[in-house]
Structure formats: C-alpha cells, structure tokens
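Written out below as structure tokens is the structure these notes cover.
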C-alpha cells in the first residue's frame, strides 16, 4: 500500500511500532563492531590478549594475526549463517530463525565475557557472527511489509487480513490491499513453484534482481567502512590521537545521531540512488584527505585533530547516506518468492566482503606489518568512486513503491534511471478501485 501524502507516522503508529521492534535486531551487529574496535586500544584488553610493544604508542599491541581473527571471525560467522538463511527459513520459518539468533547471541556473549583464553574468545566471536548473520537477514525479511506476503503465500489469508486491519490506520482500504497482495502472489506462482537457489539466476529478470540485491548490500563494504569502524580506536592510537578510546566513543555517538537523523527523513526524502551516490563520493574524498594529511605530517598533534574531525564526518556520511540504503536496497529488490534466498545470498556476499576487509586491514595498519595507518585511505578513494558510478548506471530508484509495483517495473525490463518516473499500470487500477469503493 502506497502511503498517501496527507498521512503521517502518527496515522501509521502501529506499523511504525512493529517495524521499530523488529529492526532492533541489527543493533547487536553495530554494538559488536563498536565495542571490539574500542577494546583494541585499551591497555587492559591488550595485557590479556596482546603483548608488550615498546615501539607502540601505548606500550602494548596485538599481533596482526590475533587482530585479524578477533575482528574478522564475526563477519565470517555472519557470512556462514546468512548464506544458509534461505534454506533454513523455508524449513523453520523466519521468526524461528530470529529466536535462534537471540539464543546464539546470549551464549556467545557469556563466553566472551567470562574467558581470558584467546581460543575461547575466537569461538565466541564466531558464534556471535552466526547469530548476527540471522539478525541482519531476518530483521529485513520479518518486517510486516514482507512477512504479511510471506504468510499469505502459505495460505494464512485470514491471519493476513487481521494483521492488515491492525497495522493500517482506521478507514484504510484493507480489502483492496489484500486483493493486491493476492494478485501479486498469483503472478509469482505462475512464474514458477518449488523454487531453489538456481532459480535466482535462471531467468533474466530474477538474475538481474539477484545481482542488484547483492551489489546493493555490498556498497557498504566498498566504501571501506569496515576499516574505520572495526579498527577506529587502534587507528586513532597509531595516529597519536589523544585519548583514542574516548574519541572512538564520540565517533560512535556521532554515527548514532546520523542514523537517528536519517530515520526522520527516509520516508519523504530517502531517494536511494541520490543518497548512496552522495555518500560514496563524500566518504571517498574524506578517506583521501585523511591519507594525504597523515602522509604529509604523521604523528603530530595537529594531524591527530584533523583525523578526528574528518573521521567523524566520514561516519556521519556513512551512517546517514550509505549503511541504511545499502540494506534497504538489498531487501527491496528481490522478488517475493525468492526473497529469502536472494537476500540471504546478498547478505552473505556483503559479510564476505566485510570479512575480507577486516581480515586484511591489519596487514596495512599494524605497526608490525606495513604500518600504513591512515594512509590506507588511498585504497578506498577509487573504490568509492567506482561504486558511485555503478549506482548511477545500474541501481533502480524504488522509493515509495510497493512490492507489487517493483515487480511490475522489473517485468517491464526498465532501465535503472527510468524506474523513478514510471507510472505503474496496476497502481492506476488500484486507485480506480479505491474511487469505486468510496463511491459505494
């Protein structure tokens, strides 16, 4: 159902509440990266899992291998679980998978909080990643917008009707929307049944939607975010920033404020293409400036202040314009019958890219390896620009569209830049049906 221009969040408060509860699932993912990034600059943590390093700024350091594993095992676990999300969702259901993620999260955090053994810490990190993979995938797929269609597709029509009556404002045309969903399900069933992994690539339309979902999610890794988010405190320490742990907390707080600000504008102004391109270009330029500043004056107090300011601008741009829209694009673009498989695959590739960045970053930034420090930004500037070019030419704009309208536009084989102005035939029919109901 497309939201009418005169309707506000207050009119849709029940839907907003339901979505807000489910979308808390990825909170654990962000908290994990924030905490583990900060711990790597704390002497207390380094005394247990690191070693003395007189040449280091704080006198302690982690070996590159331990730094790699502590940070990247979470992404590896998320890659493993999200890659199997489609199969498990078909067998157990999406909500059950979220319950499993909650249990896994409890167990992993108990292990990590109670151990001083590096191997047990590795196990906790991997298990936490397995839980986070499900959190990230099923928080998108269990949103009422998707879960209603998923349940009705399995014959639970009456439950869907009751849910729609609860979710929508009083006086909403629930029966019209119900028929629209039924029609979309019938069309997708005509295209095939008993779908599997191969079906994501079998016909050109599904193949296009699969690749768009995969590349859409991967845009967040392509901007080098894992480098700054995962190693921010260590990165600040090596750049001789005063009180790096406190600065990393400020860094995370600013990032959270950017996310909150984005949530206030996403419905009305959240154009995926424009914001993703703007965010990628901004983040690329900021990474380049950080690298140049550090390259010219490494280790000075003035350079440290500049790096703090630019890094804060980076995380604000990333959280406001890249992270939300990368995941939203990955969840919106697959077809409903393949959504669990496609979004699971997209999440898996995204986590694989995040793991690759987190695993290789210590080779570049650690003082015991290449010791590039902030110079690592030289690599991410061209990556951001290339990704922004891809968004411009290939990513469709689906802001304000229903799942059924998105299906219609893909079936019409529109070019990416034609999606925004396209007038959907079925939307016109539904609007006419609305008028008839009002007349009756």
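Residue numbers (my numbering): 2 to 441. Built from N, CA and C at the ideal position, the CB exists for glycine as well.
Using a 10 Å radius around the Cβ and a threshold of 16 neighbouring Cβ atoms, would you call residue i buried or exposed?
i: residue 414; result: exposed
i: residue 36; result: exposed
i: residue 254; result: exposed
i: residue 95; result: buried
i: residue 269; result: exposed
i: residue 297; result: exposed
i: residue 52; result: exposed
i: residue 91; result: exposed
i: residue 86; result: buried
i: residue 375; result: buried
i: residue 14; result: exposed
i: residue 262; result: exposed
Are the beta-carbon atoms belonging to residue i and residue j less than 9 Å from one another?
i: residue 398; j: residue 425; result: no
i: residue 62; j: residue 40; result: no
i: residue 336; j: residue 207; result: yes
i: residue 29; j: residue 232; result: no
i: residue 378; j: residue 259; result: no
i: residue 228; j: residue 316; result: no
i: residue 282; j: residue 386; result: yes
i: residue 280; j: residue 309; result: no
i: residue 104; j: residue 112; result: no
i: residue 75; j: residue 126; result: yes
i: residue 128; j: residue 109; result: yes
i: residue 100; j: residue 71; result: no
i: residue 226; j: residue 364; result: no
i: residue 98; j: residue 34; result: no
i: residue 168; j: residue 179; result: no
So the candidates are the options; which of them puts its Cα closest to the Cα of residue i?
i: residue 355; options: 241, 263 and 134; result: 134
i: residue 102; options: 199, 91, 82 and 112; result: 82
i: residue 334; options: 247, 288 and 401; result: 401
i: residue 329; options: 24, 18, 203 and 112; result: 24
i: residue 327; options: 278, 285, 314 and 375; result: 278
i: residue 325; options: 17, 12, 16 and 31; result: 31
i: residue 220; options: 421, 393, 408 and 21; result: 393
i: residue 412; options: 305, 210 and 239; result: 210
i: residue 285; options: 383, 203 and 395; result: 383
i: residue 252; options: 262, 58, 313 and 331; result: 313
i: residue 84; options: 198, 182 and 212; result: 198
i: residue 321; options: 403, 242 and 256; result: 256
i: residue 171; options: 131, 341 and 11; result: 11
i: residue 244; options: 409, 353, 26 and 58; result: 58
i: residue 89; options: 341, 184, 223 and 418; result: 341
i: residue 27; options: 116, 141 and 18; result: 141
Over the uninterrupted alpha helix (DSSP H) stretch that includes residue i, give me the two end residues.
i: residue 43; result: Neither: residue 43 is in no alpha helix (DSSP H) and is coded neither H nor E.
i: residue 20; result: 14–23
i: residue 91; result: 86–93
i: residue 1; result: Here the chain comprises residues numbered 2 to 441, so residue 1 is not present and cannot be evaluated.
i: residue 235; result: 233–239
i: residue 209; result: 205–223
i: residue 261; result: 245–270
i: residue 333; result: 324–333
Of all Cβ atoms in chain C, is any one closer than 9 Å to the Cβ of residue i?
i: residue 126; result: Absent here is chain C; the protein component of the structure consists of one chain.
Using DSSP bridges, identify the partner residues of residue i.
i: residue 506; result: Absent from the model: residue 506. The displayed extent of the chain is 2 to 441, so no value can be given.
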